[in-house]
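The sequence shown begins at 1 in the UniProt record's numbering and counts up by one.
Backbone N, C-alpha and C fix where the C-beta goes; we use that ideal spot for every residue, glycine too.
Reading through the structure tokens given below for one structure.
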Amino acid sequence: MPPATTRSKTEPKLSRPVQVAEAIKNWVVEQGLQAGDRLPGEAELIERFGMAKGTIREAMRVLEAQGLIKTRTGPGGGSFVHEVSRQRAKALLGNYFYFKNLTIGDIYQLRLTLEPELAATLAGKLSEEVLEQLEANIAAYSEPAKTLNEEREQHVASLRFHAILAAQAKNPLLGFVIDFMVNLLTDLTVYRRLYSPPNVELWKQGRDHQRQLITALRDGEAETARSIMFDHMETAWKLMRRQEVEMESRFISE
């Protein structure tokens, strides 16, 4: 079992099952195991990590709760390495930020840094199928919303445009972080009702920037794509901040 690492005085000590779970994860990496590979049986784990049966079983439950292993019963059953899905990873990370009281500024500060870079790296690299998918997405908000419900749906759809781009990132970390921010902003927009009152300028600026961006991406103009996305993020930040202030004012007056 790997030696314990130095921990800060304020950091709680890990329970023994959690320590064993970490040791198993380290061992899986060292052995080069991949998703779908079978883990050793319980008796071998007990011998390898020098722990009691109860501790090993609890460690395996910890790993299963984290989505890192899957246990199957019956013929051919056992414990297998499992790859955490992007959706599950976003949900778990979202739980961390649930009580952080994030603002529009917190999210857009990162978007302004990362999304122009993503746009530049994708210029000239996207298939026609993906470009058509982006165009089809814009079609969902080609005209201003007529109802508040439609306004909410358009906000969500316009953010989906960025999730589509994030899915094309060659850098998996860059793609995941941008996709995660899109998720956060979508949730923030909906539960704080930042789509109310309707904002025609926000709709028009967003739609127009995205149309220009598709042209730059199709033509392989990396610096143009970077510049358009930067302007898009900067403008959206300013206009969404107005929505946030409006919402806060309504809340105080009520």
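Item	Value
Own chain, CB closer than 6 Å to residue 114, minus 5 neighbours either side, in chain order	178
Cross-strand partners of residue 80 (DSSP beta bridge)	38, 70
Nearest-angstrom Cα separation, counted from residue 93 out to residue 120	27 Å
Any alpha helix (DSSP H) of 4 or more consecutive residues that is wholly inside the stretch 141 to 207	148 to 166, 172 to 191
Beta-carbon proximity list for residue 180, same chain, < 7 Å, skipping 5 on both sides	90, 93
Cβ-Cβ distance between residue 229 and residue 239 below 9 Å	no
Exposed unless 16 or more other CB atoms sit within 10 angstroms - verdict on residue 21	buried
Beta-carbon proximity of residue 62 to residue 29, cut-off 9 Å	no
Coarse secondary structure for residue 103, derived from DSSP in three states	coil
Proximity of residue 236 and residue 225 at Cβ, strictly below 9 Å	no
Rounded separation between residue 48 and residue 183 - CA only	41 Å
Cβ neighbours of residue 102 in the same chain (closer than 8 Å, five flanking residues each side left out)	184, 188
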